[in-house]
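J.: Provided herewith is a single structure, encoded as structure tokens, for subsequent inquiry.
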Amino acid sequence: MPMSKELENVHHQLSAVQSEAKQLSSGSFTEEQLRHLQNKLHHIDEQYKEGCVMAGNQSQNSDPYEVDGQAEIAEELEKVHQDIYGMLNQLEK
143 MPMSKELENV
153 HHQLSAVQSE
163 AKQLSSGSFT
173 EEQLRHLQNK
183 LHHIDEQYKE
193 GCVMAGNQSQ
203 NSDPYEVDGQ
213 AEIAEELEKV
223 HQDIYGMLNQ
233 LEK
């Protein structure tokens, strides 16, 4: 699926965090490691929001909710948030 240039960087960073979370979840991990992933994910969330807004503003006729790749990134973000949430729950047990 095509993706706007603004969101390509977000996608690459998100893929890296997703890989790091997967690697951590296969072994033991600390709260500090998860906090580090959460911080990265928060930064990606901000970039995603900025990328969608900027891409939507480039054309006055375009719908800001129809930015190429936006749905894909939103799904990936949700999955990584859920993965990290599950890891946090493991730590609490």
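For the sequence shown, our numbering begins at 143 and goes up steadily by one. Note that CB positions come from ideal geometry on N, CA and C, so glycine has one too. No experiment lies behind these values; they were computed from the predicted model shown.
Are there 16 or more other CB atoms within 10 angstroms of the CB of glutamine 239, so buried, or fewer, so exposed?
T.: Here the chain comprises residues numbered 143 to 235, so residue 239 is not present and cannot be evaluated.
J.: Note the first and the last residue of the continuous alpha helix (DSSP H) segment covering serine 167.
T.: What you label residue 167 is simply residue 25 of the sequence shown in a count that begins at 1. Element bounds for serine 167: 147 to 167.
J.: Tell me whether the segment 165 to 176 and the segment 185 to 195 touch, counting them as touching only if at least three CB pairs, one residue from each stretch, are closer than 8 Å.
T.: no
J.: Work out the CA separation of valine 209 and valine 159 for me, nearest whole Å.
T.: Position 17 of the sequence shown, counted from the first residue, corresponds to residue 159. Position 67 of the sequence shown, counted from the first residue, corresponds to residue 209. About 22 Å.
J.: If you draw a straight line from the C-alpha of leucine 230 to the C-alpha of asparagine 151, how long is it?
T.: Here residue 230 is taken as the residue at index 88 of the sequence shown, counted from 1. Here residue 151 is taken as the residue at index 9 of the sequence shown, counted from 1. Cα to Cα, leucine 230 sits roughly 27 Å from asparagine 151.
J.: With respect to the alpha helix (DSSP H) encompassing glutamate 221, which residues constitute its N-terminal and C-terminal limits?
T.: Indexing the sequence shown from 1 puts residue 221 at position 79. Per the sequence presented here, residue 221 reads as lysine, with glutamate not at that position. Per DSSP, lysine 221 belongs to the alpha helix (DSSP H) from 212 to 234.
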